[in-house]
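First comes the structure, then the notes that go with it.
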Amino acid sequence: MGRDLNAILDYIAQLNELDVANVQPLAQISEVVLEMTPDVAVAQVGETTLRDDTPVPCLERAPVMQEAPETDGSFFKVPQVIGR
Amino acid sequence: MRTEANGTISVGMTLQELGQSVISGRVKAAELVNSYLQRIEARNAKINAYLSVASEDARRTAEDLDAAARRGDPLGSLAGVPVAIKDVIAIEGMTATAGSRILEGYKPPYTATAVRRLKEAGAVVLGKLNCDEFAMGSSNENSAYGVVRNPAALDRVPGGSSGGSAAAVAAELAAATLGTDTGGSIRQPASFCGVVGVLPTYGRVSRYGLIAFASSLDRIGPFARTVEDAAMVLGVIAGHDPLDATSSRRPVPDYVAECHRPVEGLRVGVPAEYFAEGLDQEVKLTVQRAIDSLRAQGCVITPVSLPHTRYAVPTYYVLATAEASANLERFDGVRYGYRAPEVKTLSDMYRETRDRGFGREVKRRILLGTYVLSAGYYDAYYRKGQQVRRVLAEDFLKAFEKVDVIVTPTAPTPAFRIGEKTDDPVSMYLADIYTVTASLAGICGISVPCGVSSEGLPIGAQILGPHFCEGTVFRAARAIEQGQTV
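Protein chains in written order, with the numbering used here: chain F, 19 to 102; chain R, 15 to 500.
Dropping the structure here:
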């Protein structure tokens, strides 16, 4: 594992050849898609506008708890947290 | 209607014709589904494309569709079409292992939007498909449930990570499938197996219900035997979804109509960087012939430059592993999936669960991801990766000022042998050298079969288009497909 990780880091080191000091980092492509490819119809509503902050139904507890490794039906149970 | 010797009713019909035939009652969905289930029964043991088969559900759904067709009820455009889904995509009541021991037996309590849309259009889900663990891999050898074999040559890999999705279509174990692509995981296996695979623009298809690997890169897309069929499926699964905040509100065009438009006058860019050292000579010549056929059909072929291409794979392995290390924190043995038994404390439980539940490549990527995000190295790796990501996206934007689409090989070689690259992660990562660029830039693309090697191994051409220009990509891909049969 250590040998693999070193080989990968050596390979990644070639990014140091590039001078990108003045380039803004890009975290999410959708933040720039609109300015890259203007579309009037989309510009009016936004590329990915967030929904209104109103509660909507979510998953029922019972089917979610059914998948838990250990549960009392209401909570997830885990092994002892503070050992003695 | 053509019925082939192999018993698959659908061979020779487009998905559109198939759906119409089921609606009109000329083809019975139940017979269609049964013929596919029989093929799965006969061939899956060799290929290992399916991890689970939902025979009963599929038969019942098909019978309901036939009954609805008899009553004359309105049915969707994919009525009775047998499909299968990569096992990183959730379907209520069916297992979703993500190819990992840590999710063995896990049944999600909800259904992915892309699958819900397929079902609403009448498609029948046959089962879930094998893949590299958490979609991390280029050969399907990282699945905890065994490697998928390439139907074109059983000693070869099908590509990855959506190897099961590509192999199932190639072996006619499903009429169409869904896969996911984070760095090439749809296009590269499509190329290796000789089928069509689509990378939609980031935001075109909802990711709701997709088990996350690298959220800023992950996309769901279709595999099919023809470009038209792939266009048909994309049209069904694409569109805005309030359950995915990154899904776009742009209207979805009629992709089937778009793929039939003539290509005359289409400006096709060919980047020298994708035809350089490391490219197999047969792949090079085969893709060049595909470009010649586009020229013969009236396309204008222009050289373009994507000068930072060589930095794409290292950038990808910084950003994708960083995101993966955060996304995979949720697999802790508390809420779902595997929990290591007989452990005394909570921290032992976390450690043992993750140590026994995750495979080697997943651990490698989590470690790399936490390293590049760690305080002392964040700027040198993660921030730098995000900066180079912008430079790579700008390369494409400049190129698309001059051309409508870009054509390249999908992968540097045809399918390699099982075991050939498993000892050297960097050489495995280079199998994605031509596909990671579009993943980082968020643009759309496709891999379309364009020939076979002297050993009979499929070779794919990759067509890339600007954001939300899937229609143009389908048009060029269909021209390459047609150029083959002329």
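Backbone N, C-alpha and C fix where the C-beta goes; we use that ideal spot for every residue, glycine too.
None of these values were measured; they are calculated from a predicted model.
Inset, instruction - Note down the Cα distance separating residue 271 (chain R) from residue 186 (chain R), rounded to an integer number of angstroms. - result: Between the C-alpha atoms of residue 271 (chain R) and residue 186 (chain R) there is a straight-line separation of about 25 Å.
Legend entry - Within 7 Å, strictly: CB atoms of residue 431 (chain R) and residue 169 (chain R): Annotated as proximal: residue 431 (chain R) and residue 169 (chain R), with beta-carbon spacing under 7 Å.
Legend entry - Proximal residues to residue 277 (chain R) (C-beta, below 7 Å), its chain only, five neighbours per side dropped: So the qualifying residues of the chain are 308, 311, 312, 313, 489, 490, 493.
Legend entry - Anticipated Cβ contact below 8 Å, residue 90 (chain R) with residue 101 (chain R), distance rounded: About 24 Å separates the two Cβ atoms, so there is no contact after all.
Legend entry - Contacts of residue 92 (chain F) in chain R (Cβ-Cβ under 9 Å): Result: empty, since nearest Cβ-Cβ is about 13 Å, beyond 9 Å.
Inset, instruction - Closer than 8 Å, Cβ to Cβ, to anything on chain F: give me those residues from the stretch 331–351 of chain R, in chain order. - result: Close to chain F, meaning a Cβ-Cβ distance shorter than 8 Å, are the following residues of the stretch 331–351 of chain R: 331, 332, 347, 348, 349, 350, 351.
Legend entry - Rounded separation between residue 249 (chain R) and residue 128 (chain R) - CA only: Cα-Cα distance, rounded: 11 Å.
Legend entry - Buried/exposed call for residue 304 (chain R), threshold 16 Cβ in 10 Å: Residue 304 (chain R) comes out buried.
Legend entry - Cross-chain neighbours of residue 87 (chain F) in chain R, by beta carbon under 7 Å: Those within 7 Å of residue 87 (chain F) in chain R are 347, 353.
Legend entry - residue 52 (chain R): first and last residue of the uninterrupted alpha helix (DSSP H) it sits in: Taken as a continuous stretch (DSSP letters only), the alpha helix (DSSP H) holding residue 52 (chain R) covers 43–61.
Legend entry - Minimum Cβ-Cβ distance from residue 69 (chain F) to chain R less than 7 Å: It does: the Cβ of residue 69 (chain F) has a partner Cβ on chain R nearer than 7 Å.
Legend entry - Under 7 Å between C-beta atoms of residue 332 (chain R) and residue 395 (chain R): Taking 7 Å as the cut-off, the Cβ atoms of residue 332 (chain R) and residue 395 (chain R) count as close.
Legend entry - Where residue 237 (chain R) sits in the DSSP three-state scheme: The answer is strand: DSSP assigns residue 237 (chain R) an E or B state.
Inset, instruction - Rounded to whole angstroms, what's the CA-CA distance from residue 132 (chain R) to residue 236 (chain R)? Just pull it up for me. - result: A direct Cα-to-Cα measurement between residue 132 (chain R) and residue 236 (chain R) gives close to 11 Å.
Inset, instruction - Scan the stretch 251–275 of chain R for residues whose Cβ lies nearer than 7 Å to a Cβ of chain F and list them as they occur along the chain. - result: So the close ones are 256, 259, 260, 261, 262, 263, 264.
Legend entry - Cutoff 7 Å: residue 75 (chain F) Cβ touching any chain R Cβ: So, not an interface residue.
Inset, instruction - Under 7 Å between beta-carbons, which chain F residues line up against residue 403 (chain R)? List them in chain order, please. - result: What residue 403 (chain R) touches in chain F: 44.
Legend entry - Nearest to residue 36 (chain R) (by Cα), restricted to the options R:264, R:77, R:481: Ranking the options by Cα distance to residue 36 (chain R), first place goes to R:77.
Inset, instruction - Keeping to the same chain, check which residues put their C-beta closer than 6 Å to that of residue 153 (chain R); ignore five residues upstream and five downstream. - result: Cβ within range, chain order: 171, 174.
Legend entry - Neighbourhood of residue 275 (chain R) by C-beta distance below 6 Å, restricted to the same chain and skipping five residues each side: For residue 275 (chain R), where only same-chain residues beyond five positions count, the Cβ hits under 6 Å are 489.
Inset, instruction - Evaluate contact between the stretch 468–482 of chain R and the stretch 338–358 of chain R, counting only Cβ atoms and requiring at least three cross-stretch pairs below 8 Å. - result: Here the stretch 468–482 of chain R does not lie against the stretch 338–358 of chain R, with fewer than 3 beta-carbon pairs under 8 Å apart.
Legend entry - Secondary structure, beta strand (DSSP E): runs of 3+ residues fully inside the stretch 179–224 of chain R: Listed in chain order, the complete beta strand (DSSP E) runs (minimum 3 residues) inside the stretch 179–224 of chain R are 190–195, 210–213.
Inset, instruction - Using a cut-off of 8 Å between C-beta atoms, extract the partners of residue 513 (chain R) located in chain F. - result: Here chain R comprises residues numbered 15 to 500, so residue 513 (chain R) is not present and cannot be evaluated.
Inset, instruction - Given a cut-off of 7 Å, decide if residue 149 (chain R) and residue 206 (chain R) are closer than it, judged by their beta-carbon atoms. - result: Not closer than 7 Å, so no.
Inset, instruction - Please compile the residues from chain F whose C-beta is within a distance smaller than 7 Å of the C-beta of residue 201 (chain R). - result: Under the 7 Å cutoff, chain F gives no residues; its nearest Cβ is about 17 Å from residue 201 (chain R).
Legend entry - CB contact check: residue 363 (chain R) to chain F, cutoff 7 Å: Taking Cβ atoms only, chain F reaches closer than 7 Å to residue 363 (chain R), which makes this a yes.
Inset, instruction - Return helix, strand or coil for residue 412 (chain R), following the three-state DSSP convention. - result: Correct three-state label for residue 412 (chain R): helix.
Legend entry - Buried versus exposed, by CB contacts within 10 Å (16 or more), residue 19 (chain F): Burial call: exposed.
Legend entry - As assigned by DSSP and simplified to three states, the class of residue 461 (chain R): In the structure shown, residue 461 (chain R) sits in a strand (DSSP, three-state: E or B).
Inset, instruction - Determine, using beta carbons only, whether residue 33 (chain R) and residue 97 (chain R) come nearer to each other than 7 Å. - result: No; because the gap between Cβ atoms is not below 7 Å, this pair is not in contact.
Inset, instruction - Alpha carbon to alpha carbon, how far is residue 59 (chain R) from residue 209 (chain R)? Give it in angstroms, no decimals. - result: If I take the Cα positions, the gap works out to 21 Å.
Inset, instruction - Count the other C-beta atoms from every protein chain shown that fall within 10 angstroms of the C-beta of residue 76 (chain F), then say buried if there are 16 or more, exposed otherwise. - result: Answer is exposed; the Cβ neighbour count stays below 16.
Inset, instruction - Would you verify that the beta carbon of residue 37 (chain F) is, or is not, closer than 7 Å to some beta carbon of chain R? - result: So, not an interface residue.
Inset, instruction - Please name the residue in R:398, R:183, R:340, R:322 whose C-alpha comes closest to that of residue 411 (chain R). - result: Closest by alpha carbon: R:322.
Inset, instruction - Can you say whether residue 90 (chain F) is buried or exposed, counting buried as having 16 or more other CB atoms within 10 angstroms of its CB? - result: Classification of residue 90 (chain F): exposed, given that the 10 Å Cβ count is below 16.
Inset, instruction - Excluding the 5 residues preceding and the 5 following residue 83 (chain F) in the sequence, name in chain order all residues of the same chain whose CB lies nearer than 7 Å to its CB. - result: Result list for residue 83 (chain F): 89, 91, in chain order.
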